[in-house]
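Novice:
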Amino acid sequence: MRLLQFGSIVAWYVVKSKEQGLKLDLLNVTWPQWTAFFALVFIGQVLNISVYNTLSTNGVYYGTKLGKKVAWVRGFPFNTVSHPQYLGAVLTVWGVASLLWDVSPPGLLILAGYWTALYAMTAFWEQFL
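If you count the sequence shown from 1, position 94 lands on 93 in numbering that gives the first Met the number 0, and the numbers rise without skipping.
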C-alpha cells in the first residue's frame, strides 16, 4: 500500500514537473532543505518502523478486527506521541516536500496538506469515534 501511495506521488511529480519544465537538481538544494528532509524523514521512519516492530503486521493492519490476538502496547513509540504511525507518515511527507519545494509544481503544498488532513481525520476517527 505504501508503495502505491509513494508511486502515485512520484508519478504526479514527474508528469507535472515535465509539463512545467521543472527539474530537480540536488546540487541546488539548500542546506536548510537538506536538514529538514533528513530530520523529518528520519524521525518519521523511526516512528513507522517502531510501530511495525512493536505491533507486527497483525497489529498494524487491524488484526484484532479480524480475530487476531494483538497485545496492548504502552511502550515506545506509543508512550511518546499519539498515533505514531500517522505522525511518522506525515513527517515523511513533509520531509520529501521540503526537499522538492523549490522545483515542484504548485500543487505540492495542496497535496501534502491534503495527505496530512487525511491522516489527521483517520487519527481522530480511530481515537474518538
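Built from N, CA and C at the ideal position, the CB exists for glycine as well.
Bear in mind that the values here come from a model prediction, so they are computed numbers and not experimental data.
Below 9 Å between beta carbons: does that hold for A70 and W93?
Specialist: Here residue 70 refers to the residue found at position 71 when the sequence shown is read from its first residue. Here residue 93 refers to the residue found at position 94 when the sequence shown is read from its first residue. No, Cβ-Cβ distance for A70 and W93 is not below 9 Å.
Novice: Taking C-alpha atoms, which residue in L21, G20, L25, K68 lies nearest to L98?
Specialist: Mapped onto the sequence shown, residue 98 falls at position 99. The shortest Cα separation from L98 among L21, G20, L25, K68 belongs to L25.
Novice: Per DSSP, what kind of secondary structure is S81 in: helix, strand or coil?
Specialist: Position 82 of the sequence shown, counted from the start, is the residue given in the question as residue 81. In the structure shown, S81 sits in coil (DSSP, three-state: anything other than H, G, I, E or B).
Novice: Tell me, to the nearest whole angstrom, how far the beta carbon of V40 is from that of T121; I am working on the premise that it is less than 8 Å.
Specialist: Translated into the one-based positions of the sequence shown, residue 40 becomes position 41. Translated into the one-based positions of the sequence shown, residue 121 becomes position 122. Not quite, the Cβ-Cβ distance comes to about 21 Å (not below 8 Å), so this is no contact.
Novice: When DSSP labels each residue in this structure, what does D24 get in the three-state scheme?
Specialist: On the sequence shown, position 25 is the one that residue 24 refers to. If DSSP states are grouped into helix, strand and coil, D24 belongs with coil.
Novice: Any contact between the segment 99-108 and the segment 9-29? By contact I mean 3 or more CB pairs, one from each, below 8 Å.
Specialist: The segment 99-108 vs the segment 9-29: in contact.
Novice: Which residue spans inside the segment 92-128 form an unbroken alpha helix (DSSP H) run of at least 4?
Specialist: Fully enclosed alpha helix (DSSP H) runs of 4 or longer: 107-127.
Novice: Run through DSSP, which three-state label would A88 get?
Specialist: For this step, residue 88 is matched to residue 89 along the sequence shown. Helix at A88.
Novice: Which of helix, strand or coil does DSSP assign to A70?
Specialist: Here residue 70 refers to the residue found at position 71 when the sequence shown is read from its first residue. Correct three-state label for A70: coil.
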